[in-house]
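Protein chains: 2
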Amino acid sequence: MRLSTTSEYAIRSLVYMASCGPELCSVKHLSEKLDIPYKYLGRLMATLGNAGLISSTRGKNGGYTIDKPLSTIRLLDIVQIVDGLDNFDRCLLGFPECNDDDPCPMHDFWKEHNEGITEMITNVSLAEILASKSKKF
Amino acid sequence: MRLSTTSEYAIRSLVYMASCGPELCSVKHLSEKLDIPYKYLGRLMATLGNAGLISSTRGKNGGYTIDKPLSTIRLLDIVQIVDGLDNFDRCLLGFPECNDDDPCPMHDFWKEHNEGITEMITNVSLAEILASKSKKF
DNA sequence: TACATATTCCACCCTGAGGTAGGAATTATG
DNA sequence: CATAATTCCTACCTCAGGGTGGAATATGTA
Numbered sequence: 001m002r003l004s005t006t007s008e009y010a011i012r013s014l015v016y017m018a019s020c021g022p023e024l025c026s027v028k029h030l031s032e033k034l035d036i037p038y039k040y041l042g043r044l045m046a047t048l049g050n051a052g053l054i055s056s057t058r059g060k061n062g063g064y065t066i067d068k069p070l071s072t073i074r075l076l077d078i079v080q081i082v083d084g085l086d087n088f089d090r091c092l093l094g095f096p097e098c099n100d101d102d103p104c105p106m107h108d109f110w111k112e113h114n115e116g117i118t119e120m121i122t123n124v125s126l127a128e129i130l131a132s133k134s135k136k137f
Numbered sequence: 001m002r003l004s005t006t007s008e009y010a011i012r013s014l015v016y017m018a019s020c021g022p023e024l025c026s027v028k029h030l031s032e033k034l035d036i037p038y039k040y041l042g043r044l045m046a047t048l049g050n051a052g053l054i055s056s057t058r059g060k061n062g063g064y065t066i067d068k069p070l071s072t073i074r075l076l077d078i079v080q081i082v083d084g085l086d087n088f089d090r091c092l093l094g095f096p097e098c099n100d101d102d103p104c105p106m107h108d109f110w111k112e113h114n115e116g117i118t119e120m121i122t123n124v125s126l127a128e129i130l131a132s133k134s135k136k137f
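Listed in order, the protein sequences are those of chains C and D.
Every letter in the first sequence is one number past the one before it in this note's numbering, and letter 98, counting from 1, is 98.
Every letter in the second sequence is one number past the one before it in this note's numbering, and letter 98, counting from 1, is 98.
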């Protein structure tokens with residue numbers, strides 16, 4: 001019942017970048033601010049860049065920036081790029097066919113939570129997350 | 001947002017055993033009925049036995065049986081034995097200190113789902129699961 | 001040129017899932 | 001009673017994938 005470490009890194013990095021506005025964030029800066037391994041974060045940011053979620057600038061004073069409206073970047077998009085969506089909207093016992101008509105033994109107990117989480121990651125965007133009162137990244 | 005494969009195996013096996021009543025279930029029988037790798041299931045059942053959740057009988061016509069009231073075996077107990085509880089009641093972004101007073105950026109969005117799931121696995125027992133109308137194991 | 005930064009390739013460690021090989025206990029059967 | 005069959009049990013081995021670090025390369029700025 002958790003995200004992968006990589007997804008955690010990605011979300012935290014993007015939330016921090018969003019909080020910094022349009023200015024460039026280098027991997028080194030992000031790594032130090034968020035206490036994320038530098039090399040690993042470098043590759044993760046490249047992945048997010050290749051997916052079109054962020055854009056990069058090389059050379060001195062380079063870095064990454066978010067060049068899309070924050071409300072268009074949903075949690076779902078981030079997780080999908082990093083980990084895929086196989087672990088979401090999934091039968092708790094792993095049955096490929098599990099629904100109201102042909103439920104697994106856990107279906108009735110799992111359904112509401114599964115749907116709630118799926119709805120949450122689908123609808124929550126960086127804009128909503130930034131509006132929270134958190135002091136952490 | 002899923003259980004480990006091993007936890008899935010454990011729950012499915014115990015639900016099936018519960019549905020069989022007090023009679024012995026061999027690993028071979030369970031493996032074939034539930035389509036779970038034989039050797040892997042053997043070790044898993046031994047683990048559940050060592051933890052006291054089920055009891056074993058060796059020799060011909062031997063197997064495993066549940067000798068406790070089904071209402072006393074909670075989903076939490078099963079998952080705890082197999083995987084531990086580190087992945088439950090956990091901050092979505094991995095912060096060790098995350099609560100209403102010092103929340104992470106995702107806290108407000110994750111809290112209700114986290115609490116709901118924790119409450120579900122804590123309160124649902126094999127007795128309730130057996131009462132469901134599922135035809136799968 | 002010198003430096004800072006992104007980007008890519010390779011090697012490593014740990015864990016989960018699964019397999020191989022045998023030992024220990026109990027029962028069926030000649 | 002003796003032996004074979006069945007079953008639990010335990011110790012290692014393999015393999016893939018996630019997370020990590022080192023090193024080298026590409027690309028831009030001062």
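Every residue, glycine too, gets a C-beta built ideally from N, C-alpha and C.
{"query": "With a threshold of 8 Å between beta carbons, is D:D83 in contact with chain C?", "result": "no"}
{"query": "Below 8 Å, can you find three or more Cβ-Cβ pairs linking the segment 96-103 of chain D to the segment 74-82 of chain D?", "result": "no"}
{"query": "Mind checking who D:G63 pairs with in its DSSP beta bridge?", "result": "D:T57"}
{"query": "Starting from the Cα of D:I142, find the closest Cα among D:L85, D:K60, D:H107, D:R74 and give me that residue.", "result": "The first residue shown for chain D is 1 and the last is 137, placing residue 142 of chain D beyond what the model contains."}
{"query": "Using a Cβ-Cβ cut-off of 6 Å (strictly less than) and excluding sequence neighbours within five positions of C:T122, which residues of its own chain qualify?", "result": "L76"}
{"query": "So with CB distances below 7 Å, who are the chain C contacts of D:C104?", "result": "S134, K136"}
{"query": "Is the separation between the beta-carbon of C:F137 and that of C:Y16 shorter than 8 Å?", "result": "yes"}
{"query": "State buried or exposed for D:S13, treating a residue as buried only when at least 16 other CB atoms are found within 10 Å of its CB.", "result": "buried"}
{"query": "Using the beta-carbon count (16 or more within 10 Å), is D:L3 buried or exposed?", "result": "buried"}
{"query": "Please check if any C-beta of chain C sits within less than 8 Å of the C-beta of D:M120.", "result": "yes"}
{"query": "Among D:Y40, D:L30, D:S71, D:T5, which has the Cα closest to the Cα of D:G62?", "result": "D:L30"}
{"query": "Assuming contact is defined by CB atoms lying nearer than 8 Å, are C:I117 and D:H113 in contact in what I supplied?", "result": "yes"}
{"query": "Let me see if you follow: with CB-CB separation under 8 Å, is D:L93 close to chain C or not?", "result": "yes"}
{"query": "Let me know the secondary structure DSSP gives C:R90 once reduced to three states.", "result": "coil"}
{"query": "Can you confirm whether C:L3, when its beta carbon is compared against all beta carbons of chain D, has any partner nearer than 8 Å?", "result": "yes"}
{"query": "So, under 8 Å CB-CB, D:M1 and C:F88 are touching, yes? Tell me the CB distance rounded to an integer number of Å.", "result": "6 Å"}
{"query": "Counting along the chain, where does the alpha helix (DSSP H) carrying C:A51 start and finish?", "result": "Segment: none, C:A51 is in no alpha helix (DSSP H) and carries neither H nor E."}
{"query": "Drop a sphere of 10 angstroms on the beta-carbon of D:I38, count the other beta-carbons inside from all chains shown, and report buried for 16 or more, exposed for fewer.", "result": "The question names Ile, yet the displayed sequence has Tyr at residue 38 of chain D. When all chains shown are included, D:Y38 counts as exposed."}
{"query": "With a threshold of 8 Å between beta-carbons, can D:V124 be considered close to chain C, or not?", "result": "yes"}
{"query": "Please classify D:L85: is it buried, with 16 or more other beta-carbons within 10 angstroms of its beta-carbon, or exposed?", "result": "exposed"}
{"query": "With a threshold of 7 Å on Cβ separation, who are the neighbours of C:L34 within its own chain once the five nearest residues in sequence on each side are excluded?", "result": "R12, S13, Y16, F137"}
{"query": "Could you name the residues of the same chain whose beta carbon sits closer than 7 Å to that of C:A18, not counting the 5 residues immediately before and after it, in chain order?", "result": "I66, L70, L126, L130"}
{"query": "Check the Cβ-Cβ distances between D:I74 and every residue of chain C, and say whether any is below 8 Å.", "result": "Note on residue identity: the sequence assigns Arg, not Ile, to residue 74 of chain D. Not one chain C Cβ lies under 8 Å of D:R74."}
{"query": "Considering only DSSP beta bridges, list what C:R132 is partnered with.", "result": "In the sequence on display, residue 132 of chain C carries Ser and not Arg. None; C:S132 has no bridge partner."}
{"query": "Please report the distance separating the alpha-carbon of C:S132 from that of C:P22.", "result": "19 Å"}
{"query": "Excluding the 5 residues flanking D:Y64 on each side, which residues of the same chain have their C-beta closer than 6 Å to its C-beta?", "result": "C25, M45, I54, S56"}
{"query": "What in chain C is Cβ-close to D:E8, meaning under 8 Å?", "result": "L92, L93, G94"}
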